[in-house]
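Offset between the sequence shown (1-based) and the working numbering: plus 5.
We put the CB at the ideal spot given by N, CA and C, even for glycine.
Every value quoted in this text rests on a predicted model; they were computed, and no experiment measured them.
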Amino acid sequence: MQAYNVTTLPQATVCAPEPAPESAIAVYHGTDYLEMLKAANSGQAPAAAARFGLGPGDNPVFPGLWDAARLCAAGSIMAADLVLNGEAERVFHFAGGLHHAMPSRASGFCYVNDAVLAILRFRERGLRVLYVDIDAHHGDGVQHAFYGDPDVLTISTHERGDYLFPGTGFVEETGSGAGVGYSVNLPLEPFTDSAVYLPAFEQVVPPLFGAFRPDVVVAQLGIDSHRTDPLTHLALDIQGFTRALSRITELSPKLVCLGGGGYDLPNVARAWTSAWAVLNGVELPAALPASFAADMKRYEFLTDSLWDPPAPLPEHRLVRAQEFARRQVDAIRRTIFPLHRL
Ligand SMILES: [Zn+2]
Numbered sequence: 006m007q008a009y010n011v012t013t014l015p016q017a018t019v020c021a022p023e024p025a026p027e028s029a030i031a032v033y034h035g036t037d038y039l040e041m042l043k044a045a046n047s048g049q050a051p052a053a054a055a056r057f058g059l060g061p062g063d064n065p066v067f068p069g070l071w072d073a074a075r076l077c078a079a080g081s082i083m084a085a086d087l088v089l090n091g092e093a094e095r096v097f098h099f100a101g102g103l104h105h106a107m108p109s110r111a112s113g114f115c116y117v118n119d120a121v122l123a124i125l126r127f128r129e130r131g132l133r134v135l136y137v138d139i140d141a142h143h144g145d146g147v148q149h150a151f152y153g154d155p156d157v158l159t160i161s162t163h164e165r166g167d168y169l170f171p172g173t174g175f176v177e178e179t180g181s182g183a184g185v186g187y188s189v190n191l192p193l194e195p196f197t198d199s200a201v202y203l204p205a206f207e208q209v210v211p212p213l214f215g216a217f218r219p220d221v222v223v224a225q226l227g228i229d230s231h232r233t234d235p236l237t238h239l240a241l242d243i244q245g246f247t248r249a250l251s252r253i254t255e256l257s258p259k260l261v262c263l264g265g266g267g268y269d270l271p272n273v274a275r276a277w278t279s280a281w282a283v284l285n286g287v288e289l290p291a292a293l294p295a296s297f298a299a300d301m302k303r304y305e306f307l308t309d310s311l312w313d314p315p316a317p318l319p320e321h322r323l324v325r326a327q328e329f330a331r332r333q334v335d336a337i338r339r340t341i342f343p344l345h346r347l
């Protein structure tokens, strides 16, 4: 972003939050859990850590864990407040988007659910929120938080839960009570690429924006959907990711973007730089800036372009991915759309 000079655009500001106070996190997370996170800040796992999902595995205890969680939460709360106060219409907090954290449990590298905290900030002011999550993993923690709330529409597109963590996000998960129809899941077959993803996205997401008419949108922009990501099996490219975000941006009256997953780091840098350009309405040259050459070496970039080269799927994978996506879209149209008079 710095090499492309998009951190100093005239209309943009870079802000750094102060760590969130415990009270701002306690609006969603349980007291016992927060005590555990605070105790883990030393880097030593407290005795009962495993009961809260902490320990060896995805959610290790490390020195400064609580400090990091407070900063991450603060970034998303600040993003929501900038929008609420009228200081910004679009905000991007790319250290946020930790969508797996549960009220009293760490999960999937996520300790505090900053996405939920940002949405709650809007809900306190009575705003209707559309949450759209394009990470390769199901946005289970956010869906869980608002499963019964018809004023928060959650949409998650992700690799199918029977193949990938966290094992949820099926079309049948549509919400509970008054919230039925307000949790939308579009699972995808491994190797789904941008050519399969974008038409499916288009058939599901814009109609729901139109029917729900949110006051504000929170988007989780994980890029572990990329074809070289080591943790997942989707096959998007940076162009497809960028196109999806362009659509979200066009459709959103106000927009808070959060980061998310992404484990091939050069992809993360390219995708989120591209995202920031979209949010600012700026077109970037494809060639990565010459001033970035030394860093490209250092971070082992395999490409010198912002965009990915074409990599068409073998026919059998394409057909399989298309067929699966078609069935999911049909199911959403059958079960969710009528609840929104679509
Ligand atoms: Zn992910």
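- Query: If you check the beta carbons only, do Val-223 and Ala-85 fall under 9 Å apart?
  - Reply: yes
- Query: What residue range is occupied by the uninterrupted beta strand (DSSP E) comprising Arg-128?
  - Reply: Arg-128 -> not in any beta strand (DSSP E); alpha helix (DSSP H) instead, spanning 119-129.
- If you drop the 5 nearest sequence neighbours on each side, which residues of the same chain put their C-beta closer than 7 Å to that of Leu-125? Val-32 and Tyr-33
- Task: Identify every residue that forms a DSSP beta bridge with Met-301.
- Result: DSSP, once it has assigned bridges, lists no residue as partnering Met-301.
- Hey, how far is the Cα of Val-96 from the Cα of Arg-322? 37 Å
- Item | Reference Ala-240, options Leu-135, Ser-279 and Pro-195, closest by Cα | Pro-195
- Query: Where do the N-terminal and C-terminal ends of the beta strand (DSSP E) with Thr-159 fall, by residue?
  - Reply: 157-164
- Contact the region 118-133 vs the region 47-66: 3+ CB pairs below 8 Å: no
- Contacts around Ser-188, its chain only, beta-carbon distance under 7 Å, and the 5 residues preceding and following it disregarded: Gln-148, Tyr-152, Thr-159, Glu-178, Thr-179 and Gly-180
- Any heavy atom of ligand 1 within a distance shorter than 8 Å of the CB on Leu-256? no
- Any heavy atom of ligand 1 closer than 8 Å to the CB of Asp-140? yes
- C-beta atoms of Leu-135 and Ser-230 nearer than 9 Å: no
- Query: Should the region 240-254 be regarded as contacting the region 313-322, the criterion being three or more beta carbon pairs within less than 8 Å?
  - Reply: yes
- Between which two residues does the beta strand (DSSP E) harbouring Tyr-136 extend? 134-138
- Query: Do Asp-145 and Pro-108 have their CB atoms nearer than 9 Å?
  - Reply: no
- Query: Could you check where the beta strand (DSSP E) with Val-222 kicks off and where it finishes?
  - Reply: 221-225
- Residue of Ile-82, Glu-94, Tyr-38 and Val-209 minimising C-alpha distance to Phe-342: Val-209
- Collapsed DSSP secondary structure at Asp-313 in the structure displayed: coil
- Message: For a test of your reading of the model: does the CB of Asp-63 fall under 8 Å from any non-hydrogen atom of ligand 1? Yes or no.
- Response: no
- Query: Across which residues does DSSP place His-98 in a beta bridge pair?
  - Reply: Leu-263
- Coarse secondary structure for Cys-115, derived from DSSP in three states: strand
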